[in-house]
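Engineer: Take this structure, written in structure tokens, and hold onto it; I'll ask about it next.
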Amino acid sequence: MKDLQLEFFEIPSPCRGVCESDNRGYCQGCFRTRDERFGWLNLTNSEKQRVIKLCLQRERRRNQPQKLEQESAAPEPIQASLLDAPSRDILDKDLGVDDFDDFEL
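Residue 1 is where the sequence shown starts when you use full-length UniProt numbering, and the numbers rise one by one after that.
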């Protein structure tokens, strides 16, 4: 039903007013190629829908590496496992046997 409704109404341009190309040739605002931007008015509604879907995929793909970098940049807190051997000695070796001289039962 949603597709039928789009056929009756003109699909607006996804332009966000940035209009600068990145190193891959996609607009940094709407993620269209140069041909998709310049030929927008000549596209059919089904072609416009396809271009918009491609733009959404490109945006997700561009934002995905940033998300992974942010997750890896934040150090994950290390929680010791009760089943693993300790990674370092817990006891202070500077304590000698003499440390228990004042201990009484």
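We treat Cβ as the ideally placed atom computed from N, Cα and C, and that holds for glycine. Being a predicted model, the structure only gives us computed values, none of them experimental.
Taking the straight line between their C-alpha atoms, what separation do you get for E59 and G29?
Structural biologist: Taking the straight line joining both Cα atoms gives about 9 Å.
Engineer: Rounded to the nearest angstrom, what separates L6 and S81 at their Cα positions?
Structural biologist: For L6, the pLDDT reaches just 48, beneath the cut-off of 50, and the residue's location in the model is therefore unreliable, although a value from the coordinates is still provided. Looking at the two C-alpha atoms, the distance is approximately 56 Å.
Engineer: On the DSSP bridge assignment, give the partners of C27 in chain order.
Structural biologist: According to DSSP, which records beta bridges pairwise, C27 is partnered with S21.
Engineer: Cα-Cα, which of S13, P12, C27 and E104 is closest to R62?
Structural biologist: Comparing Cα positions, the closest option is C27.
Engineer: Are there 16 or more other CB atoms within 10 angstroms of the CB of C19, so buried, or fewer, so exposed?
Structural biologist: When all chains shown are included, C19 counts as exposed.
Engineer: With distances taken Cα to Cα, identify the nearest neighbour of I16 among N45, G25, L54 and R32.
Structural biologist: First, the residue type needs correcting, since residue 16 is Arg and not Ile in the sequence shown. It is R32 whose Cα lies nearest to the Cα of R16.
Engineer: Whole angstroms is fine: what's the gap from Q79's alpha carbon to P65's?
Structural biologist: Straight-line Cα distance between these residues: approximately 27 Å.
Engineer: Could you tell me the alpha carbon to alpha carbon distance between N45 and D35, rounded to whole angstroms?
Structural biologist: Taking the straight line from one Cα to the other gives about 16 Å.
Engineer: Just verifying my parser: in three-state terms, what is the DSSP assignment at L82?
Structural biologist: Of the three classes helix, strand and coil, the one that applies to L82 here is coil, per DSSP.
Engineer: Which residue from D22, I11 and N23 puts its Cα closest to that of L43?
Structural biologist: Nearest C-alpha to L43: I11.
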